[in-house]
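Peer 1: Protein chains in written order, with the numbering used here: chain A, 53 to 354; chain B, 2 to 230. All C-beta atoms, glycine included, are put in the ideal place defined by N, C-alpha and C. First the structure, then my questions, so here it is.
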Amino acid sequence: MRFRHILSETWTGVHRNASMMVAIIVTMWVSLVLFGGGLLAAQQIELMKGRWYDKVEISIFLCTPDTAGDNCTPGQGITPQQRATVEAALHANPQVSQVFAESKQQAYDDFVASYKDSPIRDSLTVDQMQESFRVKLVDPQQYQGVVNDVAGMPGVQAVQDLREVLDPLFQWLRTAQWVAIGTSALLLLAAALQIGNTIRLAVFARRREISIMRLVGASNTYITMPFVLETLLAGLVGALLAAATLVAGMYSLVVRNAEVSIQTLPWIGWTEAGIAIAGLAGVAVVLSIIPTLIATNKHLRV
Amino acid sequence: MIRFDNVSKKYPGQPRAALRNITLEIDRGEFAFLVGRSGSGKSTFIRLVLRELRPTRGSVFVDGGDISNLPSWRVPKLRRQIGTVFQDFRLLPGKTVWGNVAFALQVTGYSRRDIRSMVPETLELVGLADKGDRLVDELSGGEQQRVAIARAVVNRPMILIADEPTGNLDPATSVGIMKVLDRINRQGTTVVMATHDSTIVDQMRKRVVELVNGDLVRDQGKGTYGYQA
């Protein structure tokens, strides 16, 4: 009975504020999609970072007869002796944890695997590929010492620290992610204020009822509940629409496109989407309840 | 039932206290008039009993409990023990007589069954048994005040507080209202009524408590509105 009365009050409120409810839902929807997108992007970045940083730290490419470079003798590849010196130097460095030597054949196999549909695949021979050392570090942050050690050695064509390549990319992705989250934070703030104002108006419209409720001893919970349920409903509908949008986006962008066309990268899956949706649902609940409680509190003080 | 123990109330920014050192006890089942001019402290007295205000000094007891420092979450429970009626009725327009009376029960969690039995009894008590379906805006002032009284007593509170209940009514209608209040008092409810209406006070011959500028100047059993030697 008690609950039925609260629900009927809630329904009346939803009815009366229909246009404001729609405004709240749409604002919530858009901002939560951005927020959830930000969460997904963050997880995607972590995933790629983990995979790439883990795999390769520093690649030391060795000279072939075709390569040019300060430490290469033109027309001549690295000599076995030079290779041994480079390898010994790497092993001697305390920052180095593991050294993999990649032969021309391995490099060729890798290349064929990555570009199996590419027309240039058949134009390259095993002999044209570069030998390299792949070095794992004890502490991936301390790469500069190793790079300096081997960069000037004879027979070393180039030292590629993948971090130098990846860091700007990640930086760019991080910026994009924070722009999304920052924009969504602004929109969510607007949504929260909108909820506060709507409820303030709704409370004002019903001040007569509320003053009588207080007079006859209705509990604060009872008086507040219809307003809280009303905004909670708006927040949850917004969250639901945002979740549906994210799922649709995940499906069309990641599952149907990215995963198929860029198989070398790790892609976020439904687990990550679930985490993002839970996150945005939590934000929706908190952002709809708190402004409502603040807006009603003033009128409930005895 | 209601006890004021050396109560003073001073509003912030006001040089003079609204109530000064009031000590007073109203017993269970008593009928007491609170008289005095506007600004004498009657409303402050009532708001202290309802715990809309806290005393600056002293303690207010209702049914034996000190309500001066009652935490706000327990105030609704106190209000359920006190029915309140005002000069301006404070009904919900657009609702029927039945709806207005039932509202007090609905929002405090009574079951539909209870409401179906309690509302007609109360409408009978105030003499509106046949007007339950009427919208309150269609009623006369006296009838509207009866609805307000019904709403105040429908959950059988221990105390009924009436703040100028006849202030907007003509003398003949006022007599009817006083009869209703008297009937409620006879059923055991303590009634405290603030009023300007000397005729009513003189007719009823009940206890009279008079306030002047925040001081209690008279507390007289079977009293009248003015002084009688």
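1. By how many angstroms is the C-alpha of residue 221 of chain B removed from the C-alpha of residue 152 of chain B?
2. Assess contact between the region 82-97 of chain B and the region 158-170 of chain B, defined as three or more Cβ pairs (one per stretch) separated by less than 8 Å. Is contact present?
3. Name, please, each residue of chain A whose Cβ falls closer than 8 Å to the Cβ of residue 151 of chain B.
4. Note down the Cα distance separating residue 115 of chain A from residue 212 of chain A, rounded to an integer number of angstroms.
5. Taking residue 80 of chain B as the query, report the chain A residues whose CB atoms sit under 8 Å from its CB, ordered along the chain.
6. Using 8 Å for Cβ pairs, my map puts residue 177 of chain B next to residue 224 of chain B. What's the rounded Cβ distance?
7. Please classify residue 90 of chain B: does DSSP put it in a helix, a strand, or coil?
8. Between which two residues does the alpha helix (DSSP H) carrying residue 146 of chain B extend?
9. Could you tell me whether the Cβ atoms of residue 154 of chain B and residue 274 of chain A are closer together than 9 Å?
10. Could you check what DSSP says for residue 53 of chain B in three-state terms: helix, strand or coil?
11. Below 9 Å between beta carbons: does that hold for residue 91 of chain A and residue 331 of chain A?
12. For residue 297 of chain A, which of A:84, A:71, A:76, A:207 has the nearest alpha-carbon?
13. Quick check: what's the CA-CA separation for residue 71 of chain A versus residue 91 of chain B?
14. Strictly under 9 Å for the Cβ-Cβ distance: is residue 53 of chain A near chain B by that measure?
15. Please work out which residues of its chain come closer than 7 Å, Cβ to Cβ, to residue 233 of chain A, disregarding the five sequence neighbours upstream and downstream, and give them in chain order.
16. Under 9 Å Cβ-Cβ, which residues of chain A neighbour residue 120 of chain B?
17. Check residue 335 of chain A in the structure and name its three-state DSSP category.
18. Within this structure, are the beta carbons of residue 31 of chain B and residue 208 of chain B separated by less than 9 Å?
19. When the Cα of residue 138 of chain A is compared with those of A:304, A:262, A:159, A:209, which residue comes out closest?
20. Taking 9 Å as the threshold (C-beta atoms), are residue 81 of chain B and residue 268 of chain A in contact?
21. Report the three-state DSSP secondary structure of residue 347 of chain A (helix, strand or coil).
22. For residue 12 of chain B, collect the residues of the same chain with a Cβ closer than 7 Å to its Cβ; drop the 5 residues on either side in sequence, then sort them by chain order.
23. Go to residue 161 of chain A, then tell me how far its alpha helix (DSSP H) extends in each direction, as first and last residue.
24. Can you pull out the residues from the region 57-85 of chain A whose beta carbon lies closer than 8 Å to at least one beta carbon of chain B?
25. Quick check on residue 261 of chain A - is its C-beta less than 9 Å from some C-beta in chain B?
26. Reducing DSSP to helix, strand and coil, say where residue 59 of chain B ends up.
27. List the residues of chain A whose Cβ lies closer than 7 Å to the Cβ of residue 107 of chain B, in chain order.
28. At the 9 Å Cβ level, is residue 15 of chain B part of the contact set with chain A, yes or no?
29. Count Cβ pairs between the region 21-38 of chain B and the region 326-344 of chain A that sit closer than 8 Å; are there 3 or more?
30. Would you report the Cα separation of residue 4 of chain B and residue 63 of chain B, rounded to the nearest angstrom?
31. Under 8 Å Cβ-Cβ, which residues of chain A neighbour residue 126 of chain B?
32. Compare the C-beta of residue 63 of chain B against all C-beta atoms of chain A and say whether one is closer than 9 Å.
33. Using a Cβ cut-off of 9 Å, pull out every chain A residue sitting near residue 93 of chain B, in sequence order please.
34. May I ask you to report which of helix, strand or coil DSSP gives residue 181 of chain A?
35. Under DSSP, the beta strand (DSSP E) around residue 218 of chain B begins and ends at which residues?
36. Once you ignore the five residues that flank residue 101 of chain B on each side, which residues in its own chain have a CB closer than 7 Å to its CB?
Peer 2: The short version:
1. Taking the first residue of the second sequence as 1, we reach residue 152 of chain B at position 151. Taking the first residue of the second sequence as 1, we reach residue 221 of chain B at position 220. Residue 152 of chain B and residue 221 of chain B: Cα-Cα distance of roughly 30 Å.
2. yes
3. By 1-based counting over the second sequence, the position of residue 151 of chain B is 150. Result: empty, since nearest Cβ-Cβ is about 12 Å, beyond 8 Å.
4. Start at 1 with the first residue of the first sequence, and residue 115 of chain A comes out as number 63. Start at 1 with the first residue of the first sequence, and residue 212 of chain A comes out as number 160. Approximately 14 Å between the Cα atoms of the pair.
5. Position 79 of the second sequence holds residue 80 of chain B. The contacting residues are 266, 267, 268, 269.
6. Here residue 177 of chain B refers to the residue found at position 176 of the second sequence. Here residue 224 of chain B refers to the residue found at position 223 of the second sequence. The Cβ separation is near 23 Å, so there is no contact.
7. Numbered from its first residue, the second sequence carries residue 90 of chain B at position 89. Note: residue 90 of chain B maps to coil in three-state DSSP.
8. Against the second sequence, residue 146 of chain B aligns to sequence position 145. It spans 142-154 - the alpha helix (DSSP H) in which residue 146 of chain B sits, taken as one unbroken run.
9. Here the question's residue 154 of chain B lines up with position 153 in the second sequence. Here the question's residue 274 of chain A lines up with position 222 in the first sequence. No. Outside cutoff.
10. In the second sequence, counting from the first residue as 1, residue 53 of chain B sits at position 52. In this structure, residue 53 of chain B counts as coil in the three-state DSSP scheme.
11. For this step, residue 91 of chain A is matched to residue 39 along the first sequence. For this step, residue 331 of chain A is matched to residue 279 along the first sequence. Yes, they are a contact pair.
12. Along the first sequence, read from residue 1 onward, the residue named residue 297 of chain A stands at position 245. Nearest C-alpha to residue 297 of chain A: A:84.
13. What you label residue 71 of chain A is simply residue 19 of the first sequence in a count that begins at 1. What you label residue 91 of chain B is simply residue 90 of the second sequence in a count that begins at 1. Roughly 30 Å between the two C-alpha positions.
14. On the first sequence, position 1 is the one that residue 53 of chain A refers to. With a pLDDT of 48 at residue 53 of chain A, under the threshold of 50, the modelled position of this residue cannot be trusted; read the value that follows with caution. Interface residue, yes.
15. The residue given as residue 233 of chain A occupies position 181 in the first sequence. Only 87, 90 meet the Cβ criterion.
16. Translated into the one-based positions of the second sequence, residue 120 of chain B becomes position 119. Going along chain A, no residue has its Cβ under 9 Å from residue 120 of chain B, so there is no contact; the nearest lies around 14 Å.
17. In the first sequence, the residue the question calls residue 335 of chain A occupies position 283. Three-state result, residue 335 of chain A: helix.
18. Counting from one through the second sequence, the residue named residue 31 of chain B turns up at place 30. Counting from one through the second sequence, the residue named residue 208 of chain B turns up at place 207. Cβ distance < 9 Å, so residue 31 of chain B and residue 208 of chain B count as in contact.
19. Here residue 138 of chain A corresponds to residue number 86 of the first sequence, with the count starting at 1. With distances taken between Cα atoms, residue 138 of chain A lies closest to A:209.
20. Translated into the one-based positions of the first sequence, residue 268 of chain A becomes position 216. Translated into the one-based positions of the second sequence, residue 81 of chain B becomes position 80. Result yes, Cβ atoms of residue 268 of chain A and residue 81 of chain B sit closer than 9 Å.
21. Walking along the first sequence from the start, residue 347 of chain A turns up at place 295. Looking at residue 347 of chain A - three-state DSSP - the assignment turns out to be helix.
22. In the second sequence, counting from the first residue as 1, residue 12 of chain B sits at position 11. Result list for residue 12 of chain B: 19, in chain order.
23. Here residue 161 of chain A corresponds to residue number 109 of the first sequence, with the count starting at 1. Residue 161 of chain A -> alpha helix (DSSP H) spans 156-166.
24. 57
25. Counting from one through the first sequence, the residue named residue 261 of chain A turns up at place 209. It does; some Cβ of chain B falls within 9 Å.
26. As a working note, residue 59 of chain B is residue 58 in the second sequence. DSSP places residue 59 of chain B in strand when its eight states are reduced to three.
27. Residue numbering aside, residue 107 of chain B sits at position 106 when the second sequence is read from its first letter. Near residue 107 of chain B (Cβ distances below 7 Å), the residues of chain A are 57.
28. In the second sequence, the residue the question calls residue 15 of chain B occupies position 14. Closer than 9 Å: no.
29. no
30. The residue given as residue 4 of chain B occupies position 3 in the second sequence. The residue given as residue 63 of chain B occupies position 62 in the second sequence. Rounded to the nearest angstrom, the two C-alpha atoms are 7 Å apart.
31. Numbered from its first residue, the second sequence carries residue 126 of chain B at position 125. In chain order: nothing, as chain A lies at least about 17 Å away.
32. One-based indexing of the second sequence puts residue 63 of chain B at position 62. False, the Cβ-Cβ gap to chain A never drops below 9 Å.
33. If you number the second sequence from 1, residue 93 of chain B lands on position 92. Those are 260, 261, 264, listed as they occur along chain A.
34. On the first sequence, position 129 is the one that residue 181 of chain A refers to. Coil, per DSSP.
35. Translated into positions along the second sequence, residue 218 of chain B becomes position 217. That run of the beta strand (DSSP E) goes 216-221.
36. Within the second sequence, the letter at position 100 stands for residue 101 of chain B. Hits under 7 Å: 92, 93, 137, 148, 152.
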